[in-house]
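Enquirer: I am attaching a structure below and will ask some questions about it afterwards.
Numbering (the working numbering), first residue to last: 1 to 362.
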């Protein structure tokens, strides 16, 4: 009998390198089923250690839990971190709940960025209340879960948006107290607010509204071992610095910051042009008084540049470019007034520039 071929990718369950296969796409919903089973094993003697073990089994170390709902005074949104998740589940049972489980219908699963997202638009959180009376509360909403794609497959983000809720009372209880109007009036009152007990709501308010702004003070106290007064002073000082500091966006004078070099070049150039004009005027007056030179000759040839203020090359180029730009505008204005196209004006400008270059070279 021949031995079967050895598969190099096979690892025995009893070997040291055994690893569970990649998670199937049906497993995110199965993890909720496992969580429901674990919540059923809770007893009255379950302490904080039991809840810490529960959170460690089903939630990542950096997991967050978010609840969104609308109360009489407006919409609410509470987000708690991983360290507060065990306490949240324990407050549900401390508020009179004896059983808690989640029902998912028509959930959608997707895989992206090394995570598996479970989106269930028809999620129902069912709680059984034994106090003050036996009541079944069905809280309906949308549940979005993000699981880590690994062997443990724990929850990274939990977001439950509550839309509506129903409180169900057995008919037998109503029949028993049909002749007692006081008990019927008490039965007609709601025992929860949007499916959550007052104990849980108070816990969320204390954490997210009162203690959440104090997280910075607590972390600073643990890090630097400062007194509470010193922590408050340093936090307020840093917040004041952030408020006084200018924004990180564009500066207020945006144009001057974007084009700082143009203005710096233009100002000395204008000054040099005025100086040149003064030199030309002085030279022309000197030539008209002392010499009988021809009018066609340039007045700058009658005196030496060594005795005058030196003119930079950049200022000369700027003056010539300014003169050419003015000439172009004059040509375009005259040609448009006469009905001549811009192309002919461009030809005239090129010819003028060519002649001017020849005159310089000659």
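Virtual Cβ for every residue (Gly too), placed ideally from N, Cα, C.
1) The alpha helix (DSSP H) that contains residue 228, what's its start and end?
2) Would you report the Cα separation of residue 364 and residue 93, rounded to the nearest angstrom?
3) Between the Cα of residue 127 and the Cα atoms of 34, 52, 194, 237, which residue gives the shortest distance?
4) Could you please give me the residues that DSSP links to residue 105 through a beta bridge?
5) Assuming contact is defined by CB atoms lying nearer than 8 angstroms, are residue 101 and residue 39 in contact in what I supplied?
6) Pick out whichever of 64, 123, 29 has its Cα sitting closest to the Cα of residue 77.
7) Tell me whether residue 199 sits in a helix, a strand or coil according to DSSP, three-state version.
8) Measure the C-alpha to C-alpha separation of residue 368 and residue 133 and round it to an integer number of angstroms.
9) By the three-class DSSP mapping on this structure, what secondary structure does residue 166 have?
10) What residue from 69, 56, 45, 31 has the CA that sits closest to residue 164's CA?
11) Drop a sphere of 10 angstroms on the beta-carbon of residue 158, count the other beta-carbons inside from all chains shown, and report buried for 16 or more, exposed for fewer.
12) According to DSSP, simplified to helix, strand and coil, what is residue 149?
13) Which whole-angstrom value is the C-beta distance of residue 51 and residue 90, which I expect to be below 8 angstroms?
14) I need the straight-line Cα distance from residue 192 to residue 225, nearest angstrom please.
15) DSSP state of residue 62, grouped into three classes?
16) Helix, strand or coil: how does DSSP classify residue 110 here?
17) In the DSSP assignment, what residue or residues form a beta bridge with residue 138?
18) Measuring straight from C-alpha to C-alpha, what distance separates residue 108 and residue 35?
19) Which of the three DSSP states is assigned to residue 191 in this structure?
20) Going by DSSP, name the residue or residues bridged to residue 159.
21) Could you have a look at residue 44 and say whether DSSP puts it in helix, strand or coil?
Expert: In short, the structure shows the following:
1) The continuous alpha helix (DSSP H) containing residue 228 extends over residues 228-244.
2) Nothing about residue 364 can be reported from this structure: the residues present for the chain run from 1 to 362 only.
3) Residue 194 is the option with its Cα nearest to residue 127.
4) DSSP, once it has assigned bridges, lists 122 as partnering residue 105.
5) Taking 8 angstroms as the Cβ cut-off, residue 101 and residue 39 qualify as a contacting pair.
6) If we check each option's Cα against that of residue 77, 64 comes out closest.
7) Under the three-state reduction of DSSP, residue 199 is assigned to helix.
8) Here the chain comprises residues numbered 1 to 362, so residue 368 is not present and cannot be evaluated.
9) Annotated three-state conformation of residue 166 is strand, per DSSP.
10) Relative to the Cα of residue 164, the nearest Cα in the group 69, 56, 45, 31 belongs to 69.
11) With 16 or more Cβ atoms within 10 Å of its Cβ, residue 158 is classed as buried.
12) For residue 149, the secondary structure class from DSSP, reduced to helix, strand or coil, is coil.
13) Contact flag correct, Cβ pair sits at about 5 angstroms.
14) The straight-line gap from Cα to Cα measures roughly 42 angstroms.
15) Strand, per DSSP.
16) Residue 110 carries a strand assignment under DSSP once its states are collapsed to helix, strand and coil.
17) DSSP lists 126, 166 as partners of residue 138.
18) Those two C-alpha atoms are separated by around 19 angstroms.
19) In the structure shown, residue 191 adopts coil according to DSSP, grouped into three states.
20) Partner residues in the beta bridge of residue 159, as assigned by DSSP, are 66, 144.
21) For residue 44, the three-state secondary structure derived from DSSP is coil.
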